Amino acid sequence: MNAVIGSIIENLRSIQIIYEPTVEIFKGDRTNTGDSKEISVNEFIQSYLTNDYRVKKGKIYSLDSESANIDCVVLAPNHPNLITPKREVILAEGVFCAVEVKPDISSLSKTSEFVRSTIQIKSIKNLNRKIDRLNLKILGNKDKPVYFNKIPAVVFSKKSASFDKIIEHFRERVKTDELKKDELPDIIFSIENGVLFYCPHFKHTTYYNMLNEPQKLLFDEATFMQVCSKENEEHINLLIFLMMFLNLEKPHIPISDFFIKQYFQNLNFKTDYKFVCLEGDAEKLTNDPELALKLAELLKTKE
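If you read the sequence shown in numbering that gives the first Met the number 0, its first letter stands for residue 0, the second for the next number, and so on.
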């Protein structure tokens with residue numbers, strides 16, 4: 000264990016306290032209750048970023064539209080300090096990631112917090128923006144789809160429904176055109192269940208390189224990847240979340256990567272992986288300790 004892993008364990012204890020059920024007499028005071036859980040997650044995320052990243056809350060504006068109010072918006076170093084006498088204005092081109100904080104997304108009903116969070120995510124994904132992108136054609140690389148210009152979006156929770164149920168929920172909503180393939184969250188994180196990562200162009204992600212050749216034929220397009228601690232250790236789930244969170248696409252050309260990522264390579268933990276297509280039933284459960292090593296290496300040497 001190193002100091003960063005130790006900090007994750009201590010932060011987990013604080014988040015658990017914040018996420019305790021509200022005392023009966025304060026259940027009607029929803030404003031303060033909501034603020035407390037949002038601030039705890041915002042401060043947690045901020046503590047693993049460099050000082051040139053800022054965490055705010057509010058609407059995100061593009062040239063032609065705006066999002067709903069978002070609990071946690073991480074601003075990249077290229078974002079201006081745009082302040083008026085009444086507010087801080089958040090511009091889409093300078094957003095590293097947007098996070099919706101929902102303590103309990105166990106219910107998937109139409110009026111549930113989970114469905115509300117997906118509506119918030121949809122408003123983020125529908126923002127248009129132009130971002131810096133290295134031209135790698137001279138190296139023989141293909142351009143990434145326009146999807147990767149969108150703002151990465153995350154749902155952060157304490158409890159959630161099983162990821163299998165969440166995937167089935169998304170399948171139904173995509174079939175009925177309530178959601179498009181490019182309007183789903185990039186990451187759904189549950190302290191109890193781990194990380195559910197999604198991308199409609201999976202072959203363009205770093206994680207595609209974890210697959211063997213037959214798997215690459217199955218999981219090249221809209222794919223979910225479930226990752227969790229094999230021993231049900233919540234601090235390992237939090238570690239996995241941070242590894243993947245700091246690996247999201249940046250809206251600018253960075254001079255260097257987050258050096259803290261090297262401290263996440265605690266190679267003693269074991270993980271479960273599961274890959275599932277958005278369309279069809281093809282899936283592969285991989286209980287292979289070596290994948291934890293491979294994940295750490297892929298995140299260290301992101302293409």
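Think of the CB as a built atom: it goes at the ideal place given N, C-alpha and C, for glycine as much as any other residue.
Bear in mind the structure is a predicted one, so any value in this text is a computation, not a measurement.
Reference residue i; option with closest CA among the options
i: P144; options: A67, E220, L195 and C96; result: E220
i: L247; options: I123, F113, L74 and P151; result: P151
i: R86; options: K202, C96 and I59; result: I59
i: S39; options: P102, P76 and I89; result: P102
i: G57; options: L74, E212 and D63; result: L74
i: C198; options: F274, E232 and N211; result: F274
i: K158; options: N127, R170, V194 and K124; result: V194
Beta-carbon spacing of residue i, residue j below 9 angstroms
i: K149; j: D181; result: yes
i: P79; j: G93; result: yes
i: I259; j: Y47; result: yes
i: F223; j: C276; result: yes
i: S156; j: F188; result: yes
i: D131; j: H251; result: yes
i: M242; j: I186; result: no
For residue i, the first and last residue of its enclosing alpha helix (DSSP H)
i: K174; result: F162 to K174
i: L216; result: E212 to L217
i: V114; result: E112 to K124
i: I239; result: E233 to F244
Assigned secondary structure, residue i (DSSP; H/G/I helix, E/B strand, else coil)
i: M0; result: coil
i: A221; result: coil
i: K11; result: Checking the sequence shown, residue 11 turns out to be Leu, not Lys. Three-state result, L11: helix.
i: D103; result: strand
i: F268; result: coil
i: N127; result: coil
i: I69; result: strand
Rounded C-alpha distance that separates residue i from residue j
i: E302; j: T205; result: With a pLDDT of only 43 at E302, under 50, the local geometry of the prediction cannot be trusted, and no value is derived from it.
i: Y207; j: F218; result: 8 angstroms
i: A2; j: S108; result: 41 angstroms
i: E9; j: D176; result: 42 angstroms
i: I190; j: I69; result: 20 angstroms
i: E112; j: S106; result: 7 angstroms
i: T49; j: S122; result: 27 angstroms
i: F257; j: A160; result: 32 angstroms
i: V100; j: L183; result: 16 angstroms
i: L62; j: C71; result: 21 angstroms
i: V114; j: C227; result: 23 angstroms
Range covered by the beta strand (DSSP E) that runs through residue i
i: E99; result: V94 to V100
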